[in-house]
Every structure is written in structure tokens, then in C-alpha cells.
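Numbering (my numbering), first residue to last: 382 to 619. Step one of this worksheet: look at the structure below.
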Amino acid sequence: MEKVFDRTSKVGDIVTIFPQASDIFKAYRIDFCCGGDRPLGEVLEEKNLNEEEILNKLNEDYAQKQTHDQQQTNWMEASYRDIIRHIIDTHHAYLYRELPQLSQYVTKVFRVHGPDRPELADVHRLFHTLKTELEQHALKEEEHVFPLIQAYEENPTPEARQKLIKGIAELEDEHDTAGDILKQLRDLTSDFQPPEGACMTYQMTYQRLEELESDMFEHVHLENNILFKRILNELKSS
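Spelled out as C-alpha cells, the structure:
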């Protein structure tokens with residue numbers, strides 16, 4: 382495995398390249414904001430932390446993300462079961478992992494910088510509305526609509542067909558709602574560009590909000606334009 386980060390890498394640069402590194406640093410109480418210009422090895426020595434363990438964790442997690450980003454699958458030819466498994470294992474897993482962490486950072490930025498940046502109150506409110514919507518949406522897919530798809534494949538009854546059409550319509554409406562919130566967040570944050578002189582936490586939070594938007598676009602495209610479209614076309618012809 383190629384090691385992108387070593388003891389000479391500056392803490393702030395690591396988070397810029399790999400925003401999820403902020404979760405690791407937070408767990409070890411490493412300051413990547415005000416202390417972002419310091420080499421990681423120097424910080425680890427000062428805190429008497431295990432350098433090999435932390436560097437391995439950073440490089441392994443970064444390599445996994447790069448591998449995932451490079452993987453390509455022809456979803457137009459994949460089975461419904463494979464698409465559903467990918468959505469759950471990739472996009473839902475990302476939401477369950479990222480939303481709680483990002484919530485803490487959005488709240489911190491609002492608490493620290495809100496008095497000087499009034500738009501952060503709306504960013505905080507909209508993000509947490511989106512967080513609730515997405516968490517409930519993912520559970521609805523996993524516990525209701527995805528099992529309906531698999532049940533219909535095994536036993537295509539008229540009753541199952543109607544339930545599936547209704548369930549997909551509801552999910553697509555929820556996708557529209559989430560998309561509208563993401564548009565508002567992009568507008569409020571000037572395309573996720575922090576103000577000049579913003580601290581590292583501020584910069585990283587906006588970067589992760591933009592990554593959330595990017596993942597949601599991929600997630601919704603896979604469902605609306607591939608999975609649901611294929612299913613609805615099949616239902617119309619049945």
C-alpha cells in the first residue's frame with residue numbers, strides 16, 4: 382500500500398486532502414484547526430501517541446476511499462439485488478457514518494462563528510432537517526421498499542405491484558425534498574466556499590457538506606434513473 386501520509390505531513394494538509402481524517406484526529410484530540418501547520422509526527426510525539434498505529438489508520442482509510450472512488454460498475458446490467466446491496470453498503474453506510482460526525486462540525490462552526498456569520502443559523506437548521514430526512518429515508522428504503530422489490534421479484538402479485546408503485550413514488554418525492562435542501566445549502570454557503578481567513582474546521586465542514594451533496598447526487602441517480610426506472614418500466618409492461 383502506497384503511504385500518502387507520513388510523520389512530516391502537516392495536520393491541516395492531511396485534512397485538506399482527506400477530510401475524514403478529521404474524525405481520526407478528533408478521536409485522539411489532535412488539533413487540526415489552530416495547530417494545522419504542525420507536522421503530524423511532532424504532534425504525536427508531544428502527545429505520546431502511537432505514531433505507527435495512527436499513520437497506518439490514516440493511510441488505510443484513505444486507500445479504501447480511493448479504491449471505492451475508482452470502482453466502476455455497469456448498473457444498467459446489474460441485478461436489482463446487487464444494486465440494492467451496493468446502495469445499502471455504500472451510500473447508506475456513508476450517511477450513517479457521516480451525518481452524526483458532520484452534525485458536530487456544523488454545530489461547532491455555528492456556535493463559534495454564528496455571531497459574525499448570520500447565514501450559519503440557516504445552514505445549521507437546514508443541515509439538521511436534511512440529516513433527519515435522510516436517516517428516516519434510508520430506513521424506509523431498507524425496511525419497506527427494498528424488501529417490496531425483492532418480494533415482487535419472487536411473487537409478482539397485483540397487490541405487491543401497487544404497493545411498489547406507491548413506495549417508489551414516495552421515495553422520489555423525498556429525493557426532491559432532499560435535493561431542494563441541498564440547493565439551499567449551496568446557495569447559503571456560496572457554493573460551499575468558506576469566507577476568507579476561515580479556520581480549518583470551517584473549511585473542512587464546508588468541504589464535507591459538498592462531499593455529502595456529491596454522494597447524494599450519485600445515490601439519487603442510481604435509484605431514480607436506474608433502479609426505480611428499470612422497475613417501473615417492468616411494472617408497466619407486466
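Note that CB positions come from ideal geometry on N, CA and C, so glycine has one too.
Please report how far the alpha carbon of Gly495 lies from the alpha carbon of Leu501, in whole angstroms.
As a working note, residue 495 is residue 114 in the sequence shown. As a working note, residue 501 is residue 120 in the sequence shown. Spanning the two alpha carbons is a distance of roughly 6 Å.
Exposed or buried, what is Ile465 when buried is set at 16 or more other beta-carbons lying within 10 Å of its beta-carbon?
To locate residue 465, count along the sequence shown from 1; it is residue 84. So Ile465 ends up on the buried side.
Please confirm whether Tyr443 and Ile411 have their CB atoms less than 9 Å apart.
Counted from its first residue, the sequence shown places residue 443 at position 62. Counted from its first residue, the sequence shown places residue 411 at position 30. Annotated as distal: Tyr443 and Ile411, with beta-carbon spacing of 9 Å or more.
Per-residue burial, Leu545 [other beta carbons within 10 Å of its own, 16 or more giving buried]:
Mapped onto the sequence shown, residue 545 falls at position 164. Result: buried.
Alpha-carbon spacing of Val601 relative to Ile607, whole angstroms
Position 220 of the sequence shown holds residue 601. Position 226 of the sequence shown holds residue 607. In a straight line, the C-alpha of Val601 is about 9 Å away from that of Ile607.
What's the C-alpha gap between Phe406 and Phe413?
Taking the sequence shown and counting its residues from 1, the one referred to as residue 406 is at position 25. Taking the sequence shown and counting its residues from 1, the one referred to as residue 413 is at position 32. Their backbone Cα atoms lie some 7 Å apart in a straight line.
Let me make sure I understand the geometry here. Which of Gln517, Glu534, Ile469 and Arg498 has the alpha-carbon closest to that of Glu551?
Indexing the sequence shown from 1 puts residue 551 at position 170. Checked all of Gln517, Glu534, Ile469 and Arg498; the closest Cα to Glu551 is Gln517.
Any non-hydrogen atom of the ligand ZN within 8 Å of Leu603 CB:
Here there are no bound small molecules, and the ligand ZN is not part of this structure.
Bridge partners - Pro420, DSSP secondary structure assignment
If you number the sequence shown from 1, residue 420 lands on position 39. In the DSSP output, where bridge partners are listed per residue, Pro420 has Lys391.
Cα separation between Glu514 and Glu434?
Here residue 514 is taken as the residue at index 133 of the sequence shown, counted from 1. Here residue 434 is taken as the residue at index 53 of the sequence shown, counted from 1. Approximately 36 Å between the Cα atoms of the pair.
Which whole-angstrom value is the C-beta distance of Gly416 and Val392, which I expect to be below 8 Å?
Here residue 416 refers to the residue found at position 35 of the sequence shown. Here residue 392 refers to the residue found at position 11 of the sequence shown. With a beta-carbon spacing of about 6 Å, Gly416 and Val392 fall inside the 8 Å limit used to define contacts.
Would the beta-carbon of Leu511 fall within 9 Å of that of Leu566?
By one-based count along the sequence shown, residue 511 stands at place 130. By one-based count along the sequence shown, residue 566 stands at place 185. Contact flag set, yes.
Specify the secondary structure class of Ser618 as computed by DSSP and reduced to three states.
One-based indexing of the sequence shown puts residue 618 at position 237. In the structure shown, the three-state DSSP call for Ser618 is helix.
Cα-Cα separation, Val424 to Gln574:
Taking the sequence shown and counting its residues from 1, one reaches residue 424 at position 43. Taking the sequence shown and counting its residues from 1, one reaches residue 574 at position 193. Rounded to whole angstroms, the separation of the alpha carbons of Gln574 and Val424 is 28 Å.
Throw me the rounded Cβ distance for the Pro420 and Arg388 pair, which I believe falls under 8 Å.
Residue mapping note: residue 420 aligns to position 39 of the sequence shown, counting from 1. Residue mapping note: residue 388 aligns to position 7 of the sequence shown, counting from 1. Contact holds; Cβ gap of about 7 Å.
Is the number of C-beta pairs between the segment 592-600 and the segment 520-539 that are closer than 8 Å three or more?
Of all C-beta pairs linking the segment 592-600 to the segment 520-539, fewer than three are shorter than 8 Å, placing the two stretches out of contact.
Tell me whether Thr595 sits in a helix, a strand or coil according to DSSP, three-state version.
Residue numbering aside, residue 595 sits at position 214 when the sequence shown is read from its first letter. What sits at residue 595 in the sequence shown is Ser, not Thr. Assignment of Ser595 by DSSP, reduced to helix, strand and coil, places it in the helix class.
Nearest-angstrom beta carbon gap, Leu436 and Ala402 [assumed within contact, 8 Å]
On the sequence shown, residue 402 is found 21 positions in, with the first residue counted as 1. On the sequence shown, residue 436 is found 55 positions in, with the first residue counted as 1. Contact between Ala402 and Leu436 fails: their C-beta atoms lie close to 11 Å from each other, not under 8 Å.
Could you have a look at Gly548 and say whether DSSP puts it in helix, strand or coil?
In the sequence shown, counting from the first residue as 1, residue 548 sits at position 167. Helix at Gly548.
Pairwise C-alpha distance: Ser571 and Asp497:
If you number the sequence shown from 1, residue 497 lands on position 116. If you number the sequence shown from 1, residue 571 lands on position 190. Each residue's Cα considered, the two are about 16 Å apart.
Does the distance from the C-beta atom of Ile468 to that of Leu563 stay below 9 Å?
What you label residue 468 is simply residue 87 of the sequence shown in a count that begins at 1. What you label residue 563 is simply residue 182 of the sequence shown in a count that begins at 1. In this structure, Leu563 does not lie closer than 9 Å to Ile468 by Cβ.
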